[in-house]
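*Asks:* Numbering (our numbering), first residue to last: 542 to 850.
All C-beta atoms in this analysis are idealised placements derived from N, C-alpha and C, irrespective of residue type, glycine included.
Here the structure is a predicted model, which is why all the values come from computation and not from measurement.
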């Protein structure tokens, strides 16, 4: 009996051990499945974001193609109108020539001859009108193309100016001696160098410093359809001293084309704030700075401007 009891006890212990191993394997399997589910969810979210971006790109391309199609239809209508005008002019010229030739063969002047002279006068008037219409259409087409090119140039220049002002507001352009910036609608980057310089008399010159800047723009449809915002930062690193030379973090919000708000914070603990509003030709800008270290007094400025033309 004692031997049988010990054998049952060993089997019980072995069964418990197997059960514990099975539970451990089940827990590990459950954790693996949970991690796999989380990974698949993240992949699905990323795929949804990619699909949303692709949908926006397709919508933009469709709008552009619709504009091109409308322009092509307009040019086709103008060409069709010119073709009809030319066909009518050729018909009138041919008819008038035939009638004039018939009138020339007649030996004596008659009512038909007078009619032929009247038709010749009408032909001259019609020819002159057709030529004027043709020239007017050509001038209209040339003016339309010139206006479109001028509008594209103005839009390109305005976009460059706005991007330059945005980069100047969020980065540290004055800290670099040589810099290169690459700018696009969603992302802008900056790289630059600052040569060794003596910032204060009696102090050693700084070393060669390199810096980078990043700026990311985004839409804010919750505020306005035309509004957008931007986050940016730039850093300057002293290569010789191996220390941070300058740092700036900033954000920019434009709820509408007539309203702007900008805030920045640098490595010296200085907080800069500025707001701009405009109405028609009148605009006002309010700016101020606060030193978080309380080493400098706070300052503020107000700027008014009015455009005369």
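1) Could you give the residue range of the beta strand (DSSP E) that holds residue 758?
2) Just the C-alpha distance for residue 566 and residue 588, rounded to the nearest angstrom, thanks.
3) With H, G and I counted as helix, E and B as strand and the rest as coil, what does DSSP make of residue 768?
4) By the 10 Å Cβ neighbour count, where 16 or more other Cβ atoms means buried, how is residue 750 classified, buried or exposed?
5) Going by DSSP, what residues sit across from residue 627 in a beta bridge?
6) Is the stretch 804 to 816 touching the stretch 827 to 843, taking contact as three or more C-beta pairs under 8 Å?
7) Quick one: what's got a C-beta closer than 7 Å to residue 768's C-beta in the same chain, skipping five residues either side?
8) Quick one: using the 10 Å Cβ neighbour count with 16 as the cut-off for buried, is residue 713 buried or exposed?
9) Just list the residues that DSSP pairs residue 801 with in beta bridges.
10) Please name the residue, chosen from 672, 839, 819, that lies closest to residue 848 on a Cα-to-Cα basis.
11) Who are residue 807's beta bridge partners in DSSP?
12) Buried or exposed: residue 547, going by 16 or more other Cβ atoms within 10 Å of its Cβ?
13) Could you check whether residue 726 and residue 758 sit closer than 8 Å to each other, using their CB atoms as the reference points?
*Replies:* Considering the structure as presented:
1) 750 to 760
2) 32 Å
3) coil
4) buried
5) According to DSSP, residue 627 bridges with nothing at all.
6) yes
7) 761, 795, 796, 797
8) buried
9) 817
10) 819
11) 789
12) exposed
13) yes
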